[in-house]
Each structure stands twice: as structure tokens, then as C-alpha cells.
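Numbering that gives the first Met the number 0 puts the first residue of the sequence shown at 0, with every later residue one more than the last.
All C-beta atoms in this analysis are idealised placements derived from N, C-alpha and C, irrespective of residue type, glycine included.
Quantities reported herein were computed from a predicted structural model and do not represent experimental measurements.
Accompanying notes for the structure given below.
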Amino acid sequence: MWVDDWALRAACRTEQPDQLFVRGAEQNKAKTVCSGCPVRTECLAEALDNQIEWGVWGGMTERERRALLRRRPAASWRKVLESARDRENAATVVV
Numbered sequence: 000m001w002v003d004d005w006a007l008r009a010a011c012r013t014e015q016p017d018q019l020f021v022r023g024a025e026q027n028k029a030k031t032v033c034s035g036c037p038v039r040t041e042c043l044a045e046a047l048d049n050q051i052e053w054g055v056w057g058g059m060t061e062r063e064r065r066a067l068l069r070r071r072p073a074a075s076w077r078k079v080l081e082s083a084r085d086r087e088n089a090a091t092v093v094v
């Protein structure tokens, strides 16, 4: 299920923005905040669909997102990521 109010549930909601919008090696620290985030997919879709050029979003740096956008253009990353998550969740259901 897609979460529209994802920012309210994000693991980074209590972090200082200057901790997440960093460059270089500091980005790896920022990415650790994303690792257990319950709305990581929604966050990443927001950044990809809006071509946000700064900071770590959904566990990806701006450079990583830019490379992904070049390799696989998509009209709606929300649809792509939501579909992928649904398939992954369906595969983990024990029958």
C-alpha cells in the first residue's frame, strides 16, 4: 500500500536537514538513516519523479538517482516502485 503522507512517517523526520543534505563521504552517514525507513520507497519516488538534485532521498544520493534516471527513464517512478514493492511483498507471502 502506498503512503501519501510518507514525510510524516519518515525515519529522517526528526533529523536536522543539514545532516541529510550533505556531500561526499557524509552521504554514507545520511544513507544509514534511510536503511530502516518504512517509507523509503515513497521518498525515493518523490525524488525521482521531481528530479530533486540535492541530498539523500530514499537511500540514494543525487548522483545515484541521476544515473538511474539516465539508465531507465520512467514516466512515473511511483508506479514503477510501487509495482516492484507489490511483487516483492507477494513473493514473500507463504502459501
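Per the C-alpha coordinates, the member of Glu-41, Asp-85, Met-59 and Pro-16 positioned closest to Trp-76 is Glu-41. Here Leu-19 is not near Ala-44, since their CB atoms are 7 Å or more apart. Counting along the chain, Cys-33 sits inside the alpha helix (DSSP H) bounded by residues 25-33. With fewer than 16 other Cβ atoms inside 10 Å of its own Cβ, Gly-23 counts as exposed. According to the DSSP assignment, Thr-40 belongs to the alpha helix (DSSP H) that extends over 39-48. One Cα belongs to Ala-6, the other to Arg-69, and the distance between them is close to 26 Å.
Taking Ala-10 as reference, the option from Ala-90, Val-21 and Cys-33 with the minimal CA-CA separation is Cys-33. Ala-29 sits away from Val-38, with the two beta carbons spaced by 7 Å or more.
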